[in-house]
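These protein sequences, in sequence, are chains A and H.
Per this note's numbering, residue 72 is the first one in the first sequence, and the count goes up by one each step.
Per this note's numbering, residue 226 is the first one in the second sequence, and the count goes up by one each step.
A virtual CB, placed ideally from N, CA and C, is assigned to each residue, including glycine.
Below is one structure; the comments refer to it alone.
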Amino acid sequence: MFTALLQALLNGLVSGTILAVPAIGFTAMFALLRYGNFAVGALATIGAYGGYVANVFWGWPALASLAAAFAIAGLAGLAMDRLALKPLKASGALVVAIASLAAGLVLENIVRWFFSNELRAYDLPILRDFRFGDLRMGPQQLQNFGLALAIMAAIWLFLSFTRLGRAMRAVADNPELAMLKGIEPERVAIIATVVGSGLVGVGGMLLGLDTSIDPLTGNRVLLSVFAAAVLGGLGSAPGAVLGALLIGVAEELTVLFAAPAYRSAVGFLVILIVLTIRPAGLFGERS
Amino acid sequence: MLSYAIFIFAVGGVYALLSLSLNLVWGGVGMVNLGLAGFFAVGAYASAMATKFGGVPVPLGLLLALAAGAIVGLVVTFSTLRLRDDYLAIVTLGFAEVVRLVASNEIWLTNGTDGIPGIPRPFPSPSPVVYNSYYLIFVTVIVIAVFLMLRRLDRSPYGRALRAIREDQTVAAVAGKPVTRFKAEAFAIAAAIAALAGALYGHLTFFVAPDLFQPLITIYIFLAVTVGGTGRPAGAVCGAYALIVFLEATRFFAEWIPGISPLQAAAAREAAVGLALILLLRFRPNGLLPELRSTAPRF
Chain A
72 MFTALLQALL NGLVSGTILA VPAIGFTAMF ALLRYGNFAV GALATIGAYG
122 GYVANVFWGW PALASLAAAF AIAGLAGLAM DRLALKPLKA SGALVVAIAS
172 LAAGLVLENI VRWFFSNELR AYDLPILRDF RFGDLRMGPQ QLQNFGLALA
222 IMAAIWLFLS FTRLGRAMRA VADNPELAML KGIEPERVAI IATVVGSGLV
272 GVGGMLLGLD TSIDPLTGNR VLLSVFAAAV LGGLGSAPGA VLGALLIGVA
322 EELTVLFAAP AYRSAVGFLV ILIVLTIRPA GLFGERS
Chain H
226 MLSYAIFIFA VGGVYALLSL SLNLVWGGVG MVNLGLAGFF AVGAYASAMA
276 TKFGGVPVPL GLLLALAAGA IVGLVVTFST LRLRDDYLAI VTLGFAEVVR
326 LVASNEIWLT NGTDGIPGIP RPFPSPSPVV YNSYYLIFVT VIVIAVFLML
376 RRLDRSPYGR ALRAIREDQT VAAVAGKPVT RFKAEAFAIA AAIAALAGAL
426 YGHLTFFVAP DLFQPLITIY IFLAVTVGGT GRPAGAVCGA YALIVFLEAT
476 RFFAEWIPGI SPLQAAAARE AAVGLALILL LRFRPNGLLP ELRSTAPRF
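Here it is as structure tokens:
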């Protein structure tokens, strides 16, 4: 039992780290664009398939395929924002949210049109699990864990040390003040859309790397992504990371006690509890 | 063919109820419900289980569905009423997913993904055509009743208070309206209507299963309400019937396109629904029957 618990903790930390990548993307778009982008499920799917095309059709290695996933999802997100969502901003955040849900439906079905509903797997070498005493971990899992950490480090460096990253944080903090300081909100919005959607796309591919993908891949993690962002405080990137780790562990622990299908119900429960007790989440200020 | 047309219009009545439900929260109070499919499912299962396993008569099953919808609606909104509306969007979306999960996995209760077949009928069925005709009348009467009730509500001082909350919560609160209570009540009424729609759907097809309550239905109904005109019950009803015609037309149209698989046809159809909603929100946000705005009296 103790080993099973430790194993669940380990799995949860790994899956939580991977979940953190799309959660940062979602929460960053929320902070900078001021609407909930409900197309994140579809964007994760788009990223997963973008990476799949690069990896299987063109024979790119995993790392380069992840870059392709970022680029494709980033472009899809930008196209969606410019064509469908931005013109609706005057109608309010809720109308934009509904339109994003509709845009997600369009994206998901574009994927379905070209790739059908069949399960597809990436072309990766099959390796033996690592063992640490009684605990085991797949090399692919470990690699994904490392990649997710590297991506988060890159985001942190970008937000902390580059002019653009700091400008983005300024806009998230106080858009009016940022504008007074000469930061162009339009440019920041474009970057935020591309980077946020790109991260969601990378997250979709990371999640599919050690299993398989289909057009609903992204939608299956939608609740976990939302839960991570809400638990951390909507709009807070460090919050999203901590939230994702906690959700990852909670989901794995649930599998020990309940049917595995209830993994995604964990996210919903966490959302309800957080909103009832502490709507601002762990690190958020706004609610 | 006639039987099919009758069946489709009965389904149109079910969609009309869903649209009336969404119109009350979205058009009326300005709250969003991205989990309409979840409330639809709750009602369908409540009435199906009560009539099939509990042996209660169908009208009582419909009442149970209404009650179940209202209670679940209150539970779902409870945590978000005082928060920004984005949170309600997230919670309702999650709620619909969880309903589907529970319906798929609690096999002892819901028979899992196989669904519940053989749901009792409210009246005898000599033949499918006759049954569907009776049922069409039955559903239509209920749609008219709910429509009249909601129109009455819309034009009452209560409806005005709801619209005031939609336009500006703070002003409504300053004017002494109990904003939180009104929002909770409106959401619960709307959830109950969506659940009633689900129950009626179950007794029409004699079958409920988790797959019937995809999130896609929620988008369908947003499309219906936007086409009809948000904020006006008549718009919601017209929009629902227009939606049914659109869905059936695209179904036939998709079959005619040569060289694509049935799956591609289905994908194109779903994408068309999403695209239509985006275009309408942008270019025709007031729909066919826009809200009637009465101007304030002059002093």
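Against chain H, with Cβ distances strictly below 8 Å, would residue 271/A count as a contact? no
Report yes if the CB atom of residue 448/H is closer than 8 Å to the CB atom of residue 502/H, and no otherwise. Residue 448/H is a Cβ neighbour of residue 502/H, given a cutoff of 8 Å.
Is it buried or exposed, residue 481/H, if we count other Cβ atoms within 10 angstroms and call 16 or more buried? exposed
Where does residue 344/H fall in DSSP's three states? coil
Please work out which residues of its chain come closer than 6 Å, Cβ to Cβ, to residue 255/H, disregarding the five sequence neighbours upstream and downstream, and give them in chain order. 391
Closer than 8 Å at the beta carbon, the chain H residues around residue 158/A: 507
Can you check whether the C-beta of residue 350/A is within less than 8 Å of a C-beta belonging to chain H? The beta carbon of residue 350/A falls within 8 Å of a beta carbon belonging to chain H, placing the residue at that interface.
Which chain H residues sit within Cβ distance under 9 Å of residue 184/A? Within chain H, the residues near residue 184/A are 485, 488, 489, 492, 493, 496.
Same chain only: Cβ atoms within 7 Å of residue 227/A, ignoring 5 sequence neighbours per side: none
State the Cα-Cα distance for the pair residue 253/H and residue 313/H, rounded to the nearest angstrom. The straight-line gap from Cα to Cα measures roughly 16 Å.
Below 8 Å between beta carbons: does that hold for residue 321/H and residue 395/H? Taking 8 Å as the Cβ cut-off, residue 321/H and residue 395/H do not qualify as a contacting pair.
Could you tell me the alpha carbon to alpha carbon distance between residue 358/A and residue 303/A, rounded to whole angstroms? Residue placement at residue 358/A is flagged as unreliable, the pLDDT there being 40, under the threshold of 50; a coordinate-derived value is accordingly withheld.
Taking one C-beta from the segment 340-358 of chain H and one from the segment 282-292 of chain H each time, how about it: are there three or more such pairs within less than 8 Å? Flag = yes, the segment 340-358 of chain H and the segment 282-292 of chain H touch.
Residue closest to residue 217/A, alpha-carbon to alpha-carbon, out of 352/A, 74/A, 90/A: Nearest C-alpha to residue 217/A: 90/A.
Measuring only between beta-carbons, confirm whether residue 116/A sits less than 8 Å from chain C. Protein chains A and H are contained in the structure displayed, whereas chain C is not.
Using alpha carbons as the reference points, say which of 73/A, 236/A, 219/A, 79/A lies closest to residue 331/A. 79/A
Check whether residue 370/H and residue 246/H have beta carbons under 8 Å apart: no
CB residue 433/H to CB residue 270/H, shorter than 8 Å? yes
Closer than 8 Å by C-beta to residue 55/A: which residues in its own chain qualify, once you throw out the five before and the five after it? Chain order, please. Only positions 72 to 358 of chain A appear in this structure, which leaves residue 55/A out of reach.
Within 10 Å of its beta-carbon, does residue 470/H have 16 or more other beta-carbons around it, so buried, or fewer, so exposed? Counting Cβ neighbours within 10 Å, residue 470/H comes out exposed, since fewer than 16 surround it.
Around the C-beta of residue 323/A, are 16 or more other C-beta atoms found within 10 angstroms, so that it is buried, or is it exposed? buried
Got a sec, what are the start and stop residues for the beta strand (DSSP E) residue 203/A sits in? 201-203
At 7 Å on the CB atoms, spell out the chain A contacts of residue 526/H, in chain order. It is not possible to answer for residue 526/H, since the shown part of chain H is limited to 226 through 524.
Does residue 503/H come within less than 8 Å of chain A when only Cβ atoms are used? yes
Anticipated Cβ contact below 8 Å, residue 187/A with residue 110/A, distance rounded: Wrong, their Cβ atoms sit about 21 Å apart, outside the cutoff.
Tell me, please, which residues DSSP counts as bridged to residue 206/A. 203/A
Determine, using beta carbons only, whether residue 453/H and residue 517/H come nearer to each other than 8 Å. no
Closest Cα partner of residue 525/H within the set 301/A, 180/A, 140/A, 125/A: Because chain H is modelled from 226 through 524, residue 525/H falls outside the range shown and cannot be assessed.
8 Å contact criterion, which residue 148/A and residue 265/A should meet: CB distance rounded: About 7 Å; that satisfies the 8 Å criterion.
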